[in-house]
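J.:
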Amino acid sequence: MTKSRSGLIVVSTFLLAIAAAVIAIGLGSIRISVPDIFETLFHTSAGNVNDTIIFNIRLPRVILALIIGANIAISGAILQAVMGNPLADPGLTGVTSGAAVFVLVIMLAKPEYTQFMPLAALIGGMLAATIVYALAWRRNGISPISIILAGVAVNALCGGVVGYLSIIYSDRLPSAVQWMNGSLAAKGTSVVTMILPYAIVGWILSFFAIRKANVIRMGDQVAANLGENVHRIRILLSILAVFLAAISVAAIGMIGFVGLIVPHMARFLVGSNYKYMMPMSMALGALVLLVADTGGRTLFSPLEIPAGILMAVIGGPYFLYLMRRSVF
Amino acid sequence: MLTVNSISIQYEQKKVINDFSFSVEEGEVVSIIGPNGSGKSTLLKSISRQIPYQSGSVELDGMNMKAMNPKQIARKLCMLSQKNQAPSDMTVYDLVSYGRYPHKRWFEKLTNDDRDIIEWAIEKTHLTDYQERTVASLSGGESQRAWIAMALAQRPQILLLDEPTTYLDISHQHEVLELVRELNEEMGMTVIMVLHDLNQAAHYSDRVIVVQSGEKAMCGTPDQVMTTEMIREVYRMDSEVMYNQAERKPRIHLLRTAR
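Order-wise, the sequence lines are chains G and W. Straight run, no breaks: the first sequence in our numbering ends on number 328. Straight run, no breaks: the second sequence in our numbering ends on number 259.
1) In the DSSP assignment, the beta strand (DSSP E) including W/His253 goes from what residue to what residue?
2) By the 10 Å Cβ neighbour count, where 16 or more other Cβ atoms means buried, how is W/Met63 classified, buried or exposed?
3) The stretch 53-83 of chain W: which residues have C-beta closer than 9 Å to a C-beta of chain G, in chain order?
4) The beta strand (DSSP E) with W/Ala217 in it runs from where to where?
5) Using three-state DSSP, classify W/Asp94 as helix, strand or coil.
6) Do G/Asn50 and G/Ser248 count as a contact pair if the criterion is CB distance below 9 Å?
7) Is G/Val82 close to chain W? Criterion is C-beta to C-beta, closer than 9 Å.
8) The beta strand (DSSP E) spanning W/Ile17 covers which residue range?
9) Using only the alpha-carbon positions, how far apart do G/Ile57 and W/Glu119 sit?
10) Check whether the Cβ atoms of G/Leu269 and G/Thr13 lie closer than 9 Å to each other.
11) Assess, as a yes-or-no matter, whether the stretch 80-95 of chain W is touched by the stretch 231-243 of chain G under the definition of 3 or more beta carbon pairs within less than 8 Å.
12) What are the boundary residues of the beta strand (DSSP E) that G/Val330 is part of?
13) Count the other CB atoms within 10 Å of the CB of G/Pro279; is the residue buried (16 or more) or exposed (fewer)?
14) Could you please give the first and the last residue of the uninterrupted beta strand (DSSP E) stretch that includes W/Ile9?
15) For G/Leu226, go through chain W and note every residue whose CB falls closer than 7 Å to its CB, in chain order.
16) Does the stretch 86-106 of chain G touch the stretch 224-232 of chain G, meaning 3 or more C-beta pairs lie closer than 8 Å?
17) Does G/Ala312 pass the burial test, meaning 16 or more other C-beta atoms within 10 Å, or should it be called exposed?
18) Measure how close the beta-carbons of W/Ala146 and W/Leu138 come, nearest whole angstrom, since I'm counting them as under 8 Å.
19) Check this for me: beta carbons of G/Ile165 and G/Leu104, under 9 Å apart or not?
20) Between G/Arg324 and chain W, is the shortest Cβ-Cβ distance under 9 Å, so that the two count as touching?
21) Extract the residue ranges of the alpha helix (DSSP H) inside the stretch 245-291 of chain G, only unbroken runs of 4 or more that lie entirely within it.
22) How would you label W/Ala149, buried or exposed, when you count the other beta carbons within 10 angstroms and need 16 or more for buried?
23) Is it the case that the Cβ atoms of G/Ala176 and G/Met107 are separated by a distance below 9 Å?
24) On the premise that G/Ile148 lies in contact with G/Phe132, defined as a C-beta separation below 8 Å, what is that separation, rounded to the nearest angstrom?
25) Between the beta-carbon of W/Thr190 and the beta-carbon of W/Gln157, is there less than 9 Å?
26) Are W/Thr237 and W/Thr257 touching if we call contact CB-CB under 9 Å?
27) What three-state label does DSSP hand W/Thr190 in the structure shown?
28) Going by DSSP in three states, G/Thr193 sits in which element: helix, strand or coil?
29) DSSP three-state label for G/Arg138, please.
30) Does the stretch 301-308 of chain G come close enough to the stretch 170-190 of chain G to have 3 or more Cβ pairs within less than 8 Å?
31) Identify the residues that DSSP records as bridge partners of W/Leu43: which are they?
32) Is the CB-CB distance between W/Leu183 and W/Cys78 below 9 Å?
33) My output table needs one value for W/Thr128: the three-state DSSP class, helix, strand or coil.
34) On the three-pair Cβ rule with 8 Å, is the stretch 62-81 of chain G touching the stretch 289-297 of chain G?
35) Helix or strand or just coil, what does DSSP make of W/Gln72?
36) Which whole-angstrom value is the C-beta distance of G/Ile63 and G/Val192, which I expect to be below 8 Å?
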């Protein structure tokens, strides 16, 4: 994997994601041509119906898909380095569902505290990550089997709590169903403005995490030998990964497999050096979730399939394919 | 150079290393030998801070290692484990360049000086023709050499090797040990290594430390340590020891388990 080639692939993927975003803005029950989109976006048109459709409905949704996709993919990429394990992903490890439980408590039991949802998600995610470490950590690291088992345990626990919440608050449940399936529908600008500052902070920190991720993926012994405080890096990077996943959960709910599959695809395309793998995961994650969301809302129109469901349908088989190729 | 002051290591209730002291001078090659479970690897790992010790201290260049920061230590001391695995797509050059990591801050890129050191380390380990190949595609001996090259690029004064030959066939074992001796003679690098093979320990070291059930059984030059009595006492084996006057190295011939 030559370096210039990896760099080129990363840049092209970013451009591809932007191009896909423009096309996605045009798709839907009312189609808008690409020149019209540009006219509206850059205010050269004289205010028409396209304004409303693009600025109030499609653009926020497209941007949200890009942000969330990038977040979850980066989160997975970091977790895979930190846990030294290709199966580490915010979904399988239970981080997502831990965050979801805490968000759901607010959503159903205390709807007046909606502004604390990101914080609640972060706490829930951290709790889940701590449990996974406590259950799966052995003296010489985490084996793929124990991570899956710990994830199963955490996910089951969270599933139980979600079940309980949905029974006692069954009257308020319909509003939460879309969210639980990872839907980007009808989110609007407010969610984008809520998540964007957090996401930007997370991306900047991820940029600084590249070097540390590159060292810790070599294994604890080698990293310690190179003068790193392994435990401190592991904790800090885990917090960053949980943060990125948690804010995404707070915004749109549970979306599985992006954090698992995208880093694998990124590694396949640009190699395992995080200098390329991290930005590649970001670009590819944004692109994949955008495609999943746009597919979900256009393919079966007028029915709308949440992106989370589409990701699960594509992600499950891909996961099995990885297992078959014994990537881990 | 390195002084171990009566350290004790305990796992849960079991004492693995008991009140162990030794010191190593600059430019020495010291081998630690002993039966399985005697605690010799544990000792090495505690010096490299992989395993904590409950009492005692380790001094590096007169400084207590617990008071030094990890980067500071990494520039002076490097430990190589018996088995290492690099990410499957990592090239030899990239692996070796990690050795420069402790010398860099996060915003610093590799300079020409760094590249010179990396290339020197690759040349020294005779891997010049392999530098663009992935570490995963190398044979056991070659890959062990690549890891040693990474350690060299770190420019440590002390190299710790934990059974560097365990997974290698006989000729590769000697290849690695000859490389270690070359580094010691040419650069004055201090080496502490755990070895299984008594003849290798006798042949390649200035001094040998024998560990038995977590305690120091013996310590001295190979001809002082490698005696039929020691081997009977520590390994429960009968043996013949021949002494080569010219080389001043004992040769051990193991005969049978002692009754």
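C-beta: ideal position from N, C-alpha, C; glycine also. Fair warning: this is a prediction, and the values are worked out from it, not measured in the lab.
T.: Taking the structure as given:
1) Run containing W/His253: 249-257, per the beta strand (DSSP E) assignment.
2) Classification of W/Met63: exposed, given that the 10 Å Cβ count is below 16.
3) Under the 9 Å Cβ criterion, the stretch 53-83 of chain W contributes Asn69, Pro70, Lys71, Gln72, Ile73, Ala74, Arg75, Leu77, Cys78, Met79, Leu80, Ser81.
4) Unbroken beta strand (DSSP E) run through W/Ala217: 215-220.
5) Correct three-state label for W/Asp94: helix.
6) No, the pair does not count as a contact, with Cβ atoms beyond the cut-off.
7) Cβ-Cβ to chain W under 9 Å: no for G/Val82.
8) Going by DSSP, W/Ile17 is part of the beta strand (DSSP E) stretching over 14-24.
9) The alpha-carbon atoms of G/Ile57 and W/Glu119 are separated by roughly 57 Å.
10) Yes; because the gap between Cβ atoms is below 9 Å, this pair is in contact.
11) No, the stretch 231-243 of chain G does not touch the stretch 80-95 of chain W.
12) A question about residue 330 of chain G goes unanswered here, because the residues of chain G that appear run from 1 up to 328.
13) By the 10 Å Cβ count, G/Pro279 comes out buried.
14) Where W/Ile9 is concerned, the enclosing beta strand (DSSP E) stretches over 2-11.
15) Per Cβ cutoff of 7 Å: Ala74, Tyr98, Tyr101, Pro102.
16) These segments do not touch.
17) Counting every other CB atom within 10 Å of its CB across the protein chains shown gives G/Ala312 a total of 16 or more, marking it as buried.
18) Taking the Cβ atoms as the reference, W/Ala146 lies roughly 6 Å from W/Leu138, within the contact range of under 8 Å.
19) Looking at the sequence shown, residue 165 of chain G is not Ile but Leu. Yes. Within cutoff.
20) With 9 Å as the cut-off, G/Arg324 does not count as an interface residue toward chain W.
21) Listed in chain order, they are 258-270.
22) With 16 or more neighbouring CB atoms inside 10 Å of its own CB, W/Ala149 falls in the buried class.
23) For G/Ala176 and G/Met107, yes; Cβs fall inside 9 Å.
24) First, the residue type needs correcting, since residue 132 of chain G is Val and not Phe in the sequence shown. Their Cβ separation, rounded to whole angstroms, is 10 Å, which puts G/Val132 and G/Ile148 out of contact at 8 Å.
25) In this structure, W/Thr190 lies near W/Gln157, with their beta-carbon atoms less than 9 Å apart.
26) Note that residue 237 of chain W corresponds to Met in the displayed sequence, not to Thr. Yes, Cβ-Cβ distance for W/Met237 and W/Thr257 is below 9 Å.
27) Strand.
28) Helix.
29) G/Arg138 falls in the strand class under three-state DSSP.
30) As far as the Cβ criterion goes, the stretch 301-308 of chain G touches the stretch 170-190 of chain G, which means the pair count is three or higher.
31) Residue pairing by DSSP places W/Leu43 in no beta bridge whatsoever.
32) No.
33) Of the three classes helix, strand and coil, the one that applies to W/Thr128 here is helix, per DSSP.
34) Touching, per the Cβ criterion.
35) DSSP, reduced to helix, strand and coil, places W/Gln72 within a helical segment of the structure shown.
36) The Cβ separation is near 5 Å, so the contact holds.
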